[in-house]
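Residue numbering for the sequence shown follows the numbering used here, starting at 8 and increasing by one per position. What follows is a set of notes on a single structure, which appears directly below.
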Amino acid sequence: MSLPERKYDIVVYGATGFTGRLVAEYLAENVDFSKTKWAIAGRSEYKLLQLKNQLVVQYPELRNLDVILADTNQYDTLETLAKSTKVVITTVGPYLLYGEPIVKACVEAGTHCVDLVGEPDYVHHIYKHYDFPASRSGSLIINSCGFDSVPADLGTFYTAQLLGDGDNKSINAYVTVKGNISGGTLASAMGVFENVDEAFLMDIPYRFGSAKAKLIHYQNDVNKWALPMPVIDPLIVSRSSRERKDIYGENFSYAQYFGFRRPITIGTTILGLSALVVASKVKVLRDKIVQTKPSGNGPSVEERAKSFFELNFIGVSGSKTVITKVSGGDPGYTETSKMLAEAALTIVNNLSDYINKGGVKTPAGALGEKYLNRLIEKGIKFEQVQ
Ligand SMILES: NC(=O)c1ccc[n+]([C@@H]2O[C@H](COP(=O)([O-])OP(=O)(O)OC[C@H]3O[C@@H](n4cnc5c(N)ncnc54)[C@H](OP(=O)(O)O)[C@@H]3O)[C@@H](O)[C@H]2O)c1
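Rendered as structure tokens:
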């Protein structure tokens, strides 16, 4: 069935998890159900009905919200799900363990799919194996539509736009966050750390292009102590810069750092992360750490209200320098569920723009200006500081 004829606009797969539930709440609050048809999916009917009942108390129009049973171990359930909707939002993770089957089903059905993955090995794998089939079927697969990597990716896009035309643009990002994590994020992070090897540590992908290697330093322009930040973001930004040469130009370079107000935080961060990497290699320790935050659990409403993120960007092109800031509330969950839902809504509301544009893409590369404008409208701040 062609996309416009599908029963649903969006299905939230993994709606019973901590983040999936927040995405469902976001859609309930922000979408007119009579115009945009969405449904919730997962493997537990009991948990899905519990979620639906809770939503209906506040949003009675959701009494007709459909509940779809789909288990990653039963591929036929994923095929049925993928064929029923225009876009799948998937928060079923860790993605390295459970992510791939729904992507495969979406690619085969020509369905668009957005996720929250922060696991580099998974992103490499999906790009390598599904970019070509997705380009053939017209399915848009967009990884990392949460705090990983939307603020870095769209912030770079925004800064590169402000730098105007030209090649050899260079942008550095400094990331400051305050917030707690969920069980799903902890399990995913331990999976990533478990696979971190010496080769990875020798070739830390916190930068690309001609960005100079800089270890710990003080960055005057943003008043922050900087520590290289080897996460998924630089990989995503790099792919966006290749997809949108009209914005980034040729020879684009980028580097990403943690930005700390106090130098002591650099020491505690290095010690904390090193301890987690070491512990992740020992099964008994890894299991103990993961058990401290079970799946489905995450920071409370009060904790999330006190959380925030801020990314400072310094962009240089020839003699021009631009400094920008992207900021918002709780990075991991409140803002992440907004970013993920808005990525799906950008696709649904501009469906005809994405005909024959399939492939494994990035948030800025695929959704660019329209997505940026939606995020600004929903309160994520993108500002030019200088
Ligand atoms: N990058 C970012 O910015 C960011 C932010 C937040 C989260 N995340 C990622 O998003 C993912 C979800 O995080 P979370 O905290 O929401 O995790 P969670 O609470 O553990 O939720 C996991 C979800 O996956 C479902 N699931 C697990 N195995 C399944 C299977 N075989 N078939 C169908 N569904 C299955 C669970 O269903 P049940 O309820 O039935 O167990 C649950 O709905 C994690 O990978 C996390 O790292 C990323």
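Built from N, CA and C at the ideal position, the CB exists for glycine as well.
Comparing alpha carbon positions, the residue from Gly336, Ile254, Ser91, Asp83 closest to Asp73 is Ser91. DSSP, read as helix, strand or coil, puts Thr331 in strand. Runs of the beta strand (DSSP E) lying entirely within the region 34 to 92 and spanning at least 3 residues, in chain order: 45 to 49, 74 to 76.
Here Thr166 is not near Gly266, since their CB atoms are 8 Å or more apart. Excluding the 5 residues flanking it on each side, Ser144 has same chain C-beta neighbours closer than 8 Å at Val114, Glu115, Ala116, Gly117, Gly365, in chain order.
Residues of the same chain with a CB within less than 7 Å of the CB of Glu310, apart from the 5 flanking positions on each side, are Asn187 in chain order. Rounded to whole angstroms, the separation of the alpha carbons of Thr299 and Thr369 is 33 Å. At least one heavy atom of ligand 1 lies closer than 7 Å to the C-beta of Ser195. Taking the Cβ of Asn202 as the reference point, every heavy atom of ligand 1 lies at 7 Å or farther away. When the alpha-carbon of Pro212 is set against those of Ile330, Ala262, Lys327, Arg251, the nearest one is in Ala262.
Of the heavy atoms belonging to ligand 1, at least one sits nearer than 7 Å to the Cβ of Pro101. Shown here, Ile243 sits in a helix according to DSSP, grouped into three states. Short of 8 Å from the beta carbon of Leu88, and not among the five residues preceding or following it, lie these beta carbons of its own chain, in chain order: Val18, Tyr20, Ala48, Ile75, Ala77, Val95, Ile109, Ala112. Given a length threshold of 3 residues, each whole run of the beta strand (DSSP E) inside the region 289 to 354 is given here in chain order: 315 to 324, 327 to 335. Between Val64 and Ala312, the alpha-carbon positions lie close to 23 Å from each other. Relative to ligand 1, Thr369 has its C-beta separated by 7 Å or more from all heavy atoms.
Annotated as distal: Leu161 and Val329, with beta-carbon spacing of 8 Å or more.
Rounded to the nearest angstrom, the gap between the Cα atoms of Tyr137 and Thr353 is 22 Å.
In the structure shown, Asp138 adopts helical secondary structure according to DSSP, grouped into three states. Looking at the backbone, the Cα of Gly305 and that of Ile383 are separated by about 26 Å.
Here Glu390 carries a strand assignment [DSSP, helix/strand/coil].
For Lys385 against Asn319, the beta-carbon gap comes to about 21 Å, at or over 8 Å, which does not count as contact. When only Cα atoms are considered, Gly173 and Gly336 end up about 33 Å apart. Relative to the non-hydrogen atoms of ligand 1, the Cβ of Leu382 never comes closer than 7 Å to any of them. Between Pro338 and Val184 the beta-carbon gap is near 5 Å, inside 8 Å, which marks them as a contact. Taking 4 residues as the shortest admissible run, the region 185 to 232 contains the following complete alpha helix (DSSP H) segments, listed from N- to C-terminal end: 190 to 202, 205 to 209. Between the region 147 to 154 and the region 120 to 129, the count of Cβ pairs shorter than 8 Å is three or higher; the stretches touch. As computed with DSSP, Val367 is found in a beta bridge with Ile148. Leaving aside the five residues that flank Val30 on each side, the residues in its chain whose CB is nearer than 8 Å to its CB run, in chain order, Val19, Ala22, Ile96, Thr98, Ser344, Leu347, Ala348. Within the same chain, and ignoring the five residues on either side of Asp253 in sequence, no residue has its Cβ closer than 6 Å to its Cβ.
Here His224 is exposed: its Cβ has fewer than 16 other Cβ atoms, across all protein chains shown, within 10 Å. Look at Val130 here: in three-state DSSP terms it is helix.
Set against 7 Å, the gap from the CB of Leu123 to the closest heavy atom of ligand 1 is smaller. Here the alpha carbon of Glu86 sits roughly 34 Å from the alpha carbon of Ser287. Under the three-state reduction of DSSP, Thr97 is assigned to strand. Excluding five sequence positions before and after Leu62, the CB atoms of its chain that fall closer than 6 Å to its own CB belong to Ala35, Leu69, given in chain order.
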